[in-house]
Each structure stands twice: as structure tokens, then as C-alpha cells.
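Heads up: the structure comes next, in C-alpha cells.
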Amino acid sequence: MYKSALFPNVLVDSYGRQIDYIRLSITDRCDFRCVYCMTEEMTFLAREDVLSLEEYSRLVKVFVELGVRKVRITGGEPLMRKNALQLFEAIGRLPGLNELVITTNGSQLEQQAYALKQAGVKRVNISLDSLNATRFRKITRVGDLDKVLRGIAVAKQVGFEGIKLNSLLMRGINDDEALDLAAFAISQDLDISFIEEMPLGAVLHSRHASYVSNEQTLTLLRARYDLIASTATSGGPARYWQVPNKKTKIGFISPHSHNFCESCNRIRISCQGELHLCLGQENSINLRAMLRGHPHDDAPLKQAIIDSIQVKPKGHDFDLNRATPAVIRFMSHTGG
Ligand code: SAM
Ligand code: SF4
Numbered sequence: 000m001y002k003s004a005l006f007p008n009v010l011v012d013s014y015g016r017q018i019d020y021i022r023l024s025i026t027d028r029c030d031f032r033c034v035y036c037m038t039e040e041m042t043f044l045a046r047e048d049v050l051s052l053e054e055y056s057r058l059v060k061v062f063v064e065l066g067v068r069k070v071r072i073t074g075g076e077p078l079m080r081k082n083a084l085q086l087f088e089a090i091g092r093l094p095g096l097n098e099l100v101i102t103t104n105g106s107q108l109e110q111q112a113y114a115l116k117q118a119g120v121k122r123v124n125i126s127l128d129s130l131n132a133t134r135f136r137k138i139t140r141v142g143d144l145d146k147v148l149r150g151i152a153v154a155k156q157v158g159f160e161g162i163k164l165n166s167l168l169m170r171g172i173n174d175d176e177a178l179d180l181a182a183f184a185i186s187q188d189l190d191i192s193f194i195e196e197m198p199l200g201a202v203l204h205s206r207h208a209s210y211v212s213n214e215q216t217l218t219l220l221r222a223r224y225d226l227i228a229s230t231a232t233s234g235g236p237a238r239y240w241q242v243p244n245k246k247t248k249i250g251f252i253s254p255h256s257h258n259f260c261e262s263c264n265r266i267r268i269s270c271q272g273e274l275h276l277c278l279g280q281e282n283s284i285n286l287r288a289m290l291r292g293h294p295h296d297d298a299p300l301k302q303a304i305i306d307s308i309q310v311k312p313k314g315h316d317f318d319l320n321r322a323t324p325a326v327i328r329f330m331s332h333t334g335g
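Numbering-wise (numbering that gives the first Met the number 0), the sequence shown opens with residue 0 and increments by one.
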């Protein structure tokens, strides 16, 4: 990977892990209400509690100056944030940044994919949990499958360097679609990752009952395809397999069955500017106060970030058997 001599990486934690990847949530709002992610009646943050686009832009610039090379914009649904494109354009222009990527539910891609590509977005992750319109509606509560499929088609035409589908399987709801989702990805020359459900926030169903292990999904897929273990790694929780003679890689994001913490290279920033050093731990550092308290001087903000990296926990703390989740916040708040 290209290393900028201009901005050497100073973000190394106490376990020697180099942090060069941030995931930034730019809204907690969403046009979907996926059953594993949100409740039907969500209370969203007040506008003044969420960072402005200028504040996100400043924050990302500071992180890049500290050595971050990859930025993923997420949410909530990032494309529901008003004028989000301006932020993508500002981040896309930052010297020293190698990769600007987005995670989206795909509902706005039909209209926005071209502008995102122009702004410098290299890769797009699109969530897709079902190919059956009725079931898709049931999982997302309000989503329109056709709209998302049209968004995927436009994203393909636009020519991003990579498009990956993210599919979360739930027992008794869509776990019978693993093969169909993989076949769809292969037919479209897209990558696909299967995500294990994480106990983030209290939802209506039992996380334990709905949990589908990626081991099980992998076994199913290997019975159909001669998958070849891939050396590709994102430094995160995903393990990849190549489908022979096809473009598609199949990934498995397995926080439960595979402990990925030792190679963790990432941190998350919530839409309120809380720096979460680990998705599976509650502790966070309030960067909004630093941003607003020092509007014209980045030095205190930089120091706070450097100091906080030193307390990045060794690993996550997920346990499906717990009656209440270890992590109270929803994925839509911290950013998936
Ligand atoms: N709205 C966008 C989307 O759906 O892609 C971006 C944000 S969403 C929170 C990012 C990813 O988090 C999605 O792929 C979703 O499936 C995943 N996600 C949400 N809640 C989750 C949970 N409890 N466990 C595991 N993954 C979750
Ligand atoms: Fe919205 Fe994404 Fe959460 Fe679904 S997973 S409710 S699309 S933020």
C-alpha cells in the first residue's frame, strides 16, 4: 500500500496495531428499518448533536494528516444525509488519502452513483439480505427491492473499482437464501460478504435464536462451489474465498466464530463525533467537544486522537447468551 511521506502514520496503539482506516457515520437516520439494526420507532438525534458536514470534513482531514489512508462513509444511511455529496467531494480531494469508500443500503444509488464516482469514491458496499421482494420488505420493514436492484445496476455501469454485497442471514427468516445470494453475486460479477448478526442495541427478536454461524454458511457454499481460500485481507473481520473461474470473492465477517481483533487496523466515529476504538466495547472519546472547543486550531484535536489510540482495547466483548447486550448503541449510531 502507498504510504504518504507527507503524513507518516503516528496512530499506533499500545499493542503495536497501526490504525490507518476510519469508518465514519454521517447520520443515524435511515430510510429503512432493518429488523436486526433498528426498532420500528427509533428516536433519532437532534440536528445540533450531529456533526455538520464541515466538522466531518475537518475531522477526516486531521485523521489523514495523522496517517489514515482509508475512509469508509457509513451511517444510518449515508446517502440520506442532506448534501452528503459535498462531503464526499471534500474528502475525495484530500492529499494522502488512498481510498474513499461507502457502505449503503442502495436505495439512493440509482440517482447518486455517478456523482459518487466523480467525487472519488472507489468502492461501494451495498447491503442486500434477500432477493425476494416480500421478504426484503419484511426484513427492512419499508424497503423496495427493485429500487435497490436498480441502484446496483447503475453502480455497475458507473465503473467503481469494486462493488461488494453485504448479506446478513437470520435463522428462519432468510438463511435459506445463502446460495441464491451467492449465485446472484456471481452472475453480476460482484463480491459478497456474509455478516454474522452482532448484539448491538436491543431489538424485538432474540439474537441468539436468529444467529446463523458463518461456518454453517461456508459449509453450504463449499458443497456447491470449489471455493479457494484467498489471501486477500482487509485487516478486519472478513475472510475471503475465491469462486473458481469467476470474478467473485465470497467473504465471511465473523465476529463470533473468528476473533479478528489482533489485526484490527480501524476505528469508528459516530455521527456525533464519538471516537469508538472498538465496535464491541462501550468506551468512546468525545471529539465533537474538541472540534467545537477549538474551531481554529487542530493541535488539541490531534493530540486527543493520538492519546486515545493508546487506550484502544485488545478485543471485543460479544456474547450472544447475555440477557442484555454488552453494547447498548445500535449499529446505525456507530456506523457499520
Ligand atoms: N445503511 C447502510 C447499509 O445498510 O449498508 C450503512 C449502515 S448499516 C448499519 C451497515 C451494515 O451494518 C449493514 O450491512 C448491516 O447489515 C450491518 N448491520 C446492522 N446491524 C447489524 C447487527 N446488529 N449485526 C451485524 N451487522 C449489522
Ligand atoms: Fe438502515 Fe443500514 Fe440499519 Fe438497515 S442496516 S436500518 S439500511 S442503517
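Backbone N, C-alpha and C fix where the C-beta goes; we use that ideal spot for every residue, glycine too.
Integer-rounded CB distance, given that G105 should sit under 8 Å from T26: The sequence position of residue 26 within the sequence shown is 27, counting from 1. The sequence position of residue 105 within the sequence shown is 106, counting from 1. Actually they are not in contact, since the Cβ atoms of T26 and G105 sit about 16 Å apart, beyond 8 Å.
Is F62 a contact residue of the ligand SAM, with contact defined as CB to any heavy atom under 8 Å? As a first step, residue 62 is located in the sequence shown; it is residue number 63 there, counting from the start. No.
Would you kindly report the start and end of the unbroken beta strand (DSSP E) that includes N165? One-based indexing of the sequence shown puts residue 165 at position 166. Element bounds for N165: G161 to L167.
Could you check whether the Cβ of F43 sits closer than 8 Å to any heavy atom belonging to the ligand SAM? If you number the sequence shown from 1, residue 43 lands on position 44. Because no heavy atom of the ligand SAM lies under 8 Å away, the Cβ of F43 does not count as near it: no.
Given 8 Å as the limit, tell me if C29 has its C-beta closer than that to any heavy atom belonging to the ligand SAM. Reading the sequence shown from its first residue, position 30 is the one you call residue 29. Yes, the ligand SAM has a heavy atom inside 8 Å of this Cβ.
Verify whether the separation of the beta carbon atoms of A344 and V157 is less than 9 Å. There is simply no residue 344 to check, as the chain begins at 0 and stops at 335 in what is shown.
Determine the DSSP secondary structure at G66, reduced to helix, strand or coil. Residue mapping note: residue 66 aligns to position 67 of the sequence shown, counting from 1. Looking at G66 - three-state DSSP - the assignment turns out to be coil, as it is neither helix nor strand.
Can you list, in chain order, the residues of its chain with a C-beta nearer than 8 Å to that of R136? Leave out the 5 residues immediately preceding and following it. Here residue 136 is taken as the residue at index 137 of the sequence shown, counted from 1. G142, D143 and L144, listed in sequence order.
Closer than 8 Å by C-beta to R92: which residues in its own chain qualify, once you throw out the five before and the five after it? Chain order, please. The residue given as residue 92 occupies position 93 in the sequence shown. Correct list, in chain order: G119.
Among E273, I172 and E40, nearest to A303 - alpha-carbon criterion: For this step, residue 303 is matched to residue 304 along the sequence shown. Answer by Cα proximity: E273.
Three-way DSSP call (helix, strand, coil) for L93 in this model: Here residue 93 is taken as the residue at index 94 of the sequence shown, counted from 1. L93 falls in the coil class under three-state DSSP.
What I want to know is whether the C-beta of D143 ends up closer than 8 Å to one or more non-hydrogen atoms of the ligand SAM. Within the sequence shown, numbered from 1, the residue matching residue 143 stands at position 144. Because no heavy atom of the ligand SAM lies under 8 Å away, the Cβ of D143 does not count as near it: no.
Taking 8 Å as the threshold, find out whether the region 203-222 comes into contact with the region 46-62 through three or more Cβ pairs. Result no; under three Cβ-Cβ pairs closer than 8 Å.
Is T139 near the ligand SF4, going by C-beta to nearest heavy atom under 8 Å? On the sequence shown, residue 139 is found 140 positions in, with the first residue counted as 1. T139 Cβ: within cutoff of the ligand SF4.
List the endpoints of the continuous alpha helix (DSSP H) containing N213. Position 214 of the sequence shown holds residue 213. N213 to R223 is the span of the alpha helix (DSSP H), which, as asked, contains N213.
What does a CB cutoff of less than 7 Å around S229 pick up in its chain, not counting 5 residues either side in sequence? As a first step, residue 229 is located in the sequence shown; it is residue number 230 there, counting from the start. So the list reads Y239, W240, Q241 and K248, once near-sequence residues are dropped.
Within the region 126-180, ranges of the alpha helix (DSSP H) (whole runs, at least 4 residues): If you keep only unbroken alpha helix (DSSP H) runs of at least 4 residues inside the region 126-180, you get 132-139 and 144-157.
With respect to the beta strand (DSSP E) encompassing K311, which residues constitute its N-terminal and C-terminal limits? For the purposes of this step, residue 311 is taken as the residue at position 312 of the sequence shown. Taken as a continuous stretch (DSSP letters only), K311 belongs to no beta strand (DSSP E), as it is neither H nor E.
Pull up the CB-CB distance for V123 and G66, whole angstroms please, since I reckon it's below 8 Å. Within the sequence shown, numbered from 1, the residue matching residue 123 stands at position 124. Within the sequence shown, numbered from 1, the residue matching residue 66 stands at position 67. With 8 Å as the limit, V123 and G66 do not qualify as a contact, their Cβ atoms being about 25 Å apart.
Exposed or buried, what is G161 when buried is set at 16 or more other beta-carbons lying within 10 Å of its beta-carbon? As a first step, residue 161 must be located in the sequence shown, where it is residue number 162. Label assigned to G161: exposed.
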